[in-house]
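Participant:
There are 4 protein chains.
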Amino acid sequence: MINIGIVGGTGYTGVELLRILATHPHAKITAITSRKEDGMAVAEMYPSLRGRIDIAFSSPDKAQLQDCDVVFFATPHGVAMAQTPELLKAGVKVIDLAADFRLKDVGQFEKWYGIPHTCPEILKEAVYGLPELNREEIKNANVIGNPGCYPTTMQLGFYPLLKAGIVDAGNLIADCKSGVSGAGRKAEIGILFSEASDSFKAYGVSGHRHTPETIAQLQRLTTDTVDVLFTPHLVPMIRGMHSTLYARLTKNFSNEELQALFEAAYKDEPFVDVLPFGSHPETRSTRASNMLRLALHRPNNGNTVVVLVVQDNLVKGASGQAVQCMNLMFGLEETTGLMHVPVLP
Amino acid sequence: MINIGIVGGTGYTGVELLRILATHPHAKITAITSRKEDGMAVAEMYPSLRGRIDIAFSSPDKAQLQDCDVVFFATPHGVAMAQTPELLKAGVKVIDLAADFRLKDVGQFEKWYGIPHTCPEILKEAVYGLPELNREEIKNANVIGNPGCYPTTMQLGFYPLLKAGIVDAGNLIADCKSGVSGAGRKAEIGILFSEASDSFKAYGVSGHRHTPETIAQLQRLTTDTVDVLFTPHLVPMIRGMHSTLYARLTKNFSNEELQALFEAAYKDEPFVDVLPFGSHPETRSTRASNMLRLALHRPNNGNTVVVLVVQDNLVKGASGQAVQCMNLMFGLEETTGLMHVPVLP
Amino acid sequence: MINIGIVGGTGYTGVELLRILATHPHAKITAITSRKEDGMAVAEMYPSLRGRIDIAFSSPDKAQLQDCDVVFFATPHGVAMAQTPELLKAGVKVIDLAADFRLKDVGQFEKWYGIPHTCPEILKEAVYGLPELNREEIKNANVIGNPGCYPTTMQLGFYPLLKAGIVDAGNLIADCKSGVSGAGRKAEIGILFSEASDSFKAYGVSGHRHTPETIAQLQRLTTDTVDVLFTPHLVPMIRGMHSTLYARLTKNFSNEELQALFEAAYKDEPFVDVLPFGSHPETRSTRASNMLRLALHRPNNGNTVVVLVVQDNLVKGASGQAVQCMNLMFGLEETTGLMHVPVLP
Amino acid sequence: MINIGIVGGTGYTGVELLRILATHPHAKITAITSRKEDGMAVAEMYPSLRGRIDIAFSSPDKAQLQDCDVVFFATPHGVAMAQTPELLKAGVKVIDLAADFRLKDVGQFEKWYGIPHTCPEILKEAVYGLPELNREEIKNANVIGNPGCYPTTMQLGFYPLLKAGIVDAGNLIADCKSGVSGAGRKAEIGILFSEASDSFKAYGVSGHRHTPETIAQLQRLTTDTVDVLFTPHLVPMIRGMHSTLYARLTKNFSNEELQALFEAAYKDEPFVDVLPFGSHPETRSTRASNMLRLALHRPNNGNTVVVLVVQDNLVKGASGQAVQCMNLMFGLEETTGLMHVPVLP
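Protein chains in written order, with our numbering: chain A, 60 to 404; chain B, 60 to 404; chain C, 60 to 404; chain D, 60 to 404.
#1: Check for me: the alpha helix (DSSP H) holding residue 381/C runs from which residue to which?
#2: Judging by CA-CA distance, which residue of 376/C, 115/C, 229/C and 272/C is the nearest neighbour of residue 95/C?
#3: Closest to residue 206/A by CA distance: which of 354/A, 126/A and 270/A is it?
#4: Pull the bridge partners of residue 363/A from the DSSP assignment, please.
#5: For residue 48/B, is the classification buried or exposed, using 16 other Cβ atoms within 10 angstroms of its Cβ as the cut-off for buried?
#6: Specify the secondary structure class of residue 352/A as computed by DSSP and reduced to three states.
#7: Taking residue 288/D as the query, report the chain A residues whose CB atoms sit under 9 Å from its CB, ordered along the chain.
#8: On the CB-based measure, 16 or more other CB atoms within 10 Å of its CB, does residue 264/B come out buried or exposed?
#9: Along the stretch 322-335 of chain B, where does the CB come closer than 8 Å to a CB of chain D? Name the residues.
#10: Quick check on the DSSP output: the alpha helix (DSSP H) that includes residue 314/D runs from which residue to which?
#11: Could one say the Cβ of residue 343/C lies closer than 8 Å to chain B's Cβ atoms, at least one of them?
#12: For residue 339/C and chain B, any beta-carbon pair shorter than 8 Å?
#13: For residue 349/A, which residues in the same chain have their Cβ closer than 6 Å to its Cβ, ignoring the five residues on either side in sequence?
#14: How big is the Cα-Cα spacing for residue 102/C and residue 108/C?
#15: What did DSSP end up calling residue 190/C once you bin it into helix, strand or coil?
#16: Shorter than 8 Å from the beta carbon of residue 253/D to some beta carbon of chain A?
#17: Whose Cβ in chain A lies nearer than 7 Å to the Cβ of residue 401/B?
#18: Closer than 7 Å, Cβ to any Cβ of chain B: which residues of the stretch 218-247 of chain D, in chain order?
#19: Quick check on DSSP: helix, strand or coil for residue 155/C?
#20: What does the alpha-carbon distance come out to for the pair residue 320/B and residue 215/B?
#21: Extract the residue ranges of the alpha helix (DSSP H) inside the stretch 86-158 of chain B, only unbroken runs of 4 or more that lie entirely within it.
#22: Could you give the residue range of the alpha helix (DSSP H) that holds residue 277/B?
#23: Using a Cβ-Cβ cutoff of less than 8 Å, which residues in the same chain neighbour residue 354/D once the five nearest sequence positions on both sides are dropped?
#24: Counting Cβ pairs, one atom from each stretch, are 3 or more of them under 8 Å apart for the stretch 381-399 of chain B and the stretch 171-191 of chain B?
#25: Just tell me which of 267/D, 298/D, 293/D and 122/D has its CA closest to the CA of residue 287/D.
#26: Between residue 404/D and chain A, is there a C-beta pair that is closer than 8 Å?
#27: Chain C partners of residue 71/A, CB-CB under 9 Å?
#28: Nearest by alpha-carbon distance to residue 259/A: which of 262/D, 279/D and 299/D is it?
#29: Can you check whether the CB of residue 306/B is closer than 8 Å to the CB of residue 226/B?
#30: In the stretch 263-276 of chain D, which residues sit with their C-beta less than 9 Å from some C-beta in chain A, listed in chain order?
#31: State whether the stretch 123-132 of chain C contacts the stretch 141-150 of chain C, with contact taken as three or more CB pairs (one from each stretch) at a distance under 8 Å.
#32: Using 8 Å as the Cβ pair cut-off and three pairs as the minimum, do the stretch 234-252 of chain B and the stretch 238-254 of chain D touch?
#33: Write down the C-beta distance between residue 72/C and residue 156/C rounded to the nearest angstrom, noting that I regard them as a contact closer than 8 Å.
#34: For residue 75/B, which of helix, strand or coil comes out of DSSP?
#35: How many whole angstroms separate the CB atoms of residue 364/B and residue 308/B, which I take to be in contact at a CB cut-off of 8 Å?
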């Protein structure tokens with residue numbers, strides 16, 4: 060069994076980790092920290108876990124995190140980097156679901172997140188946790204920067220096109236839509252039911268933190284200069300993310316060739332599903348599962364390829380992907396504990 | 060492996076059966092019928108099942124249902140009773156998710172469902188599939204009438220009170236609320252998104268088919284005459300059912316004694332969870348799982364007991380319960396394939 | 060023109076007052092207070108009011124409330140009673156949308172609201188603002204305690220039955236369901252979109268503040284002792300309230316007589332609509348309007364009458380009712396500015 | 060008073076016309092046709108209209124449409140063109156909310172709508188009913204082709220940019236999102252509550268009927284060749300439309316100049332609201348009103364302008380715009396009966 064610690068188990072990525080790990084055959088959760096809820100049973104806060112998760116939250120000072128095999132940080136940005144050096148010394152692996160280890164460029168990190176990076180030397184060895192593009196590195200990693208939810212869809216959607224060098228890398232557009240759980244479990248007016256339901260809006264259009272992460276990763280795939288115009292929107296649904304990606308073809312490529320390109324790229328991937336050309340994937344077809352599905356379009360047979368990508372932002376976009384990384388890091392079958400069938404309707 | 064046939068796999072209880080059986084370790088789905096979708100891959104209609112369910116719908120005449128070990132009917136009322144006699148002769152067990160085998164009284168059936176019952180002799184040996192109240196009979200059954208979703212909550216909520224003989228059996232009130240999926244996957248105006256969302260209403264208040272089923276079953280628990288005033292409502296959510304049950308105490312019973320009564324009644328039940336006295340269970344705490352949760356209240360310390368009961372109407376209220384019955388009928392551990400952790404948020 | 064001040068214009072009842080008063084032909088909003096948003100244009104917080112409400116929030120000390128003809132308090136409990144004595148001295152009328160002037164019994168107020176009442180002498184002259192039952196008193200009132208949203212539905216639903224003396228007044232049950240906006244615009248976890256959508260729950264079942272208010276008012280209608288078992292629930296919709304009321308008949312009364320009783324009771328009421336017997340009103344049929352609709356049922360022709368009542372909790376259940384009171388207090392036609400057609404779909 | 064006939068009053072644009080016209084001071088609804096509902100009171104189908112709309116549906120043959128001053132067609136494509144010739148002969152003006160009179164090019168119409176156009180001669184004199192771009196023609200029109208909902212947002216969002224000639228007209232992208240009411244009130248599986256809620260998807264990505272309409276209208280504004288890549292999506296909300304428009308600048312233009320350009324373009328428009336630069340309009344800020352709001356962005360200060368446009372698809376996107384046209388056609392103040400304050404929350 061893998062002894063697992065979770066820092067910050069009260070948010071949505073935290074409770075989703077608990078849901079997944081509760082039925083993972085090799086996982087043993089030994090510590091969940093929460094300063095505020097010290098002593099409260101996890102199942103008291105989340106009755107959905109009654110009978111399935113028996114431990115209580117403990118304050119960070121009491122939790123024996125150094126005895127774990129791996130610690131997940133489901134915390135705000137900045138928490139993981141404060142505790143990681145000590146954990147690594149104790150031989151504990153770290154998977155951070157926040158942004159502390161996503162951006163290799165410290166200057167970029169500090170610009171977009173507004174806090175100094177406190178362990179740049181660890182940042183150097185940290186591995187970006189997107190298994191489809193980074194599998195071998197993840198297997199040997201001690202520290203994982205788990206990808207942002209939006210960047211996961213943008214990277215897996217643009218990857219085959221950039222790799223093949225057939226689109227204008229400097230003029231990519233990603234019009235993305237997320238369910239409200241992506242904003243976290245925070246007491247904020249803007250994500251109240253009466254504010255966010257039965258309405259739709261964009262946010263962060265002038266600039267969003269997931270842009271530099273996405274560009275940095277996509278740049279690794281091509282020598283052309285990558286630029287992505289990323290526009291996030293808030294959808295009145297709990298889970299689910301839909302990215303509508305636009306890329307201009309620079310080479311002659313038929314629809315059949317495009318489809319073949321994507322199918323070849325992902326044919327061995329257990330969690331990427333390429334739908335038939337011209338399909339319209341729905342976010343609910345991935346709900347509560349680790350699947351990401353995508354489909355290609357060529358509107359009016361013009362020279363723009365549209366890639367539609369859907370995932371559950373809390374699973375493939377966060378906690379499921381983190382467990383997928385854990386499986387790789389501990390030599391388990393990559394799909395272990397992650398084969399939930401999507402919940403539909 | 061149990062060879063399984065499903066008649067009517069295109070509705071919500073059908074696709075929910077598929078979701079559950081896809082990860083059931085002893086289930087092998089060998090036939091799914093749909094006259095209209097003959098030849099269409101199941102995963103084409105339900106992309107959530109891509110890579111998980113590989114067979115196609117076949118028309119009823121082509122499906123080799125008589126070679127199955129068990130056939131589930133996820134069909135409108137009346138279909139199961141037409142095909143059950145032949146299946147039984149072929150040694151196939153039948154689990155009907157509709158109402159054909161729920162009411163022992165043929166007259167009642169014909170009054171409420173408006174069609175003649177075509178196999179009253181089978182009705183006699185059919186077993187009502189509520190494991191918590193009927194476990195031993197289910198184990199030996201060849202034909203199961205799977206309970207209605209509302210009746211499941213009403214029976215499990217009122218049962219300990221009636222069994223103990225401490226409430227006025229003739230004056231029970233059940234104010235029940237269901238998610239829209241309970242109405243099925245039918246092209247009807249009233250359950251369109253733009254009709255049913257952001258609104259709330261009651262329906263069938265003057266009389267509903269689940270009343271006679273509930274009364275008949277509850278009557279088995281007591282010699283007092285049972286009467287239930289049942290009021291169903293439609294909630295703008297997909298899954299979930301919440302029943303608010305009112306019963307007047309006829310004996311002196313403290314809150315502690317009431318709580319103890321319920322805890323004793325369900326202490327060995329894997330799918331009934333008695334919450335602490337005074338809790339307010341949310342439907343989402345059971346979402347996509349086979350759990351039913353309930354909690355007791357005594358408003359203003361008066362002589363009315365209020366029981367709050369929640370479940371997922373498609374799982375414990377339908378397909379999960381049917382699989383629970385199947386497990387019992389085939390000598391499997393009752394919880395096999397049914398231990399999904401509720402999806403929250 | 061009536062010069063109007065609003066204290067606490069940032070909550071949902073506040074912005075709803077603004078929406079209504081923006082097109083009221085005799086209303087002139089001269090002051091809106093908010094300590095926190097002092098100087099911010101109202102339309103900046105609520106872009107829906109751009110071009111319709113031109114003033115800015117001002118801190119309470121700057122607002123010239125004593126120059127108003129009437130001041131609405133759309134504030135938490137306790138604010139109105141602190142400011143009302145001074146306003147009355149200045150000749151300003153007061154309409155409180157919170158509970159400060161709803162309960163005549165100071166002890167009850169202090170028990171349920173947990174704060175001392177600071178102006179019991181004003182409480183004595185305050186008038187309960189339910190026009191259908193209290194019209195004449197409202198016309199001459201200087202201080203209005205605007206009814207709670209739930210109590211409005213319970214009173215108008217039970218009134219004809221109690222008045223006629225044909226039901227068991229001591230055994231009334233009110234199973235009520237409210238949209239989430241009823242919880243106000245507060246940064247609280249429980250009413251986040253990801254917590255409250257796609258789910259359903261009861262709350263406050265063991266005892267709720269609207270019970271004493273409702274009983275006190277209903278008691279004025281009959282010499283029998285009134286008791287109401289009131290169970291509130293939270294519905295995943297923004298606006299709307301549905302109360303399912305149960306009363307046991309103590310006299311022989313046909314369905315036709317019941318219907319006639321209600322039609323007679325409300326035949327001259329512009330905002331109470333009695334639907335045909337056996338109807339199922341939807342909350343959306345009152346959305347964004349001041350209408351309350353109700354319908355009668357007699358399930359299975361038994362001796363329980365079920366009254367289904369719907370309204371928009373923010374209009375007839377709060378701000379619309381407050382403006383209705385204002386119209387009466389200033390000698391205007393009662394329906395002035397309140398004839399919005401419900402928004403459907 | 061204007062005597063008004065409505066053909067097809069049972070759909071969402073029909074009931075929205077009724078909601079608006081019920082409080083329009085110069086409107087008198089004299090006939091509403093529905094073959095299927097002949098004789099049924101309008102308020103029986105739509106209880107929200109009880110007491111506000113007193114007439115009943117009548118079958119087309121009984122309705123005296125030729126006695127009306129104007130007839131609205133809230134019908135499927137093809138109905139208006141069948142009846143318009145006769146109405147025009149009788150001196151009745153026609154406003155079609157479907158597509159019969161939107162496309163001047165008969166070939167385009169027949170290609171995209173799959174039916175022959177039966178009155179091309181009337182098509183020639185028909186006027187496209189977008190008042191902001193076509194006001195004078197509308198005043199003198201006898202036949203109006205009311206714009207599609209999506210095209211309204213695309214035209215008003217791109218108009219100032221194309222008029223000024225500062226963007227690449229051949230590479231416009233419109234990523235648009237609509238509430239479910241846009242799909243109409245039809246008994247179809249795909250728009251059931253349990254299918255469309257808590258999920259998000261694109262549709263018609265390979266080609267959609269609103270593309271040729273939009274391009275044809277935008278082409279009138281510039282000599283450059285216009286091309287728009289239009290991608291519609293379905294949002295789990297009832298009303299509301301959000302278009303995210305992308306245009307590449309071909310000239311040096313500061314953000315201040317862009318903002319000034321839009322403010323100048325719409326400074327006298329009662330129903331177009333230009334928000335401050337960098338705002339994120341929400342669809343709910345226009346709910347149930349005839350307002351369209353837009354805001355400009357310049358992501359990462361690059362050379363792409365993003366225009367965010369919101370409206371209520373049933374009002375400015377359909378029935379409200381139609382009434383706006385009617386006001387112009389009959390010499391009334393353009394805003395008559397259309398000054399509803401948006402309903403928020």
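All residues carry an ideal CB built from backbone N, CA and C; glycine is no exception. This structure is a prediction, so every number in the text was calculated from the model and none was measured.
Facilitator: Reading it off the structure:
#1: Residue 381/C -> alpha helix (DSSP H) spans 379-388.
#2: Ranked by Cα distance from residue 95/C, the first of 376/C, 115/C, 229/C and 272/C is 115/C.
#3: Checking every option, the nearest Cα to that of residue 206/A belongs to 270/A.
#4: In the DSSP output, where bridge partners are listed per residue, residue 363/A has 307/A.
#5: Beyond the ends of chain B as shown, which are 60 and 404, falls residue 48/B; an answer cannot be given.
#6: Residue 352/A: strand per DSSP, three-state reduction.
#7: By Cβ distance, chain A contributes 305, 358, 359, 361, 363 and 365.
#8: Counting Cβ neighbours within 10 Å, residue 264/B comes out buried, since at least 16 surround it.
#9: Listed in sequence order: no entries.
#10: 314-325 is the extent of the alpha helix (DSSP H) around residue 314/D.
#11: Interface residue, yes.
#12: Yes, residue 339/C counts as interfacial toward chain B.
#13: A distance below 6 Å between beta-carbons, with the five flanking residues on each side excluded, links residue 349/A to the following residues of its chain, in chain order: 330, 374, 375, 379 and 397.
#14: A direct Cα-Cα distance of roughly 5 Å separates residue 102/C from residue 108/C.
#15: The answer is helix: DSSP assigns residue 190/C an H, G or I state.
#16: At least one C-beta of chain A is nearer than 8 Å to the C-beta of residue 253/D.
#17: Near residue 401/B (Cβ distances below 7 Å), the residues of chain A are 107.
#18: Taken in chain order, the members of the stretch 218-247 of chain D whose beta-carbon sits within less than 7 Å of a beta-carbon on chain B are 239, 240, 244, 246 and 247.
#19: Residue state, collapsed to three classes: strand.
#20: Within the model, the alpha-carbon separation for residue 320/B versus residue 215/B is close to 13 Å.
#21: You should have 101-104 and 138-148.
#22: Here the alpha helix (DSSP H) through residue 277/B covers 269-278.
#23: Within the same chain, Cβ atoms closer than 8 Å to the Cβ of residue 354/D are found at 333, 334, 335, 336, 337, 338, 339, 340, 366 and 367, the five residues on either side in sequence being excluded.
#24: Verdict: yes, contact present.
#25: Comparing Cα-Cα distances from residue 287/D to each of 267/D, 298/D, 293/D and 122/D, the minimum goes to 267/D.
#26: Look at residue 404/D: its C-beta is under 8 Å from a C-beta on chain A.
#27: 253, listed in chain order.
#28: The option with the nearest alpha carbon to residue 259/A is 299/D.
#29: Residue 226/B places its beta carbon less than 8 Å from that of residue 306/B.
#30: Result list: 263, 264, 265, 266, 267 and 270.
#31: Below 8 Å, enough C-beta pairs join the stretch 123-132 of chain C and the stretch 141-150 of chain C to call them touching: three or more.
#32: The stretch 238-254 of chain D and the stretch 234-252 of chain B touch, with three or more beta-carbon pairs separated by less than 8 Å.
#33: About 5 Å; that satisfies the 8 Å criterion.
#34: Residue 75/B falls in the helix class under three-state DSSP.
#35: Residue 364/B to residue 308/B, Cβ: 6 Å. Contact.
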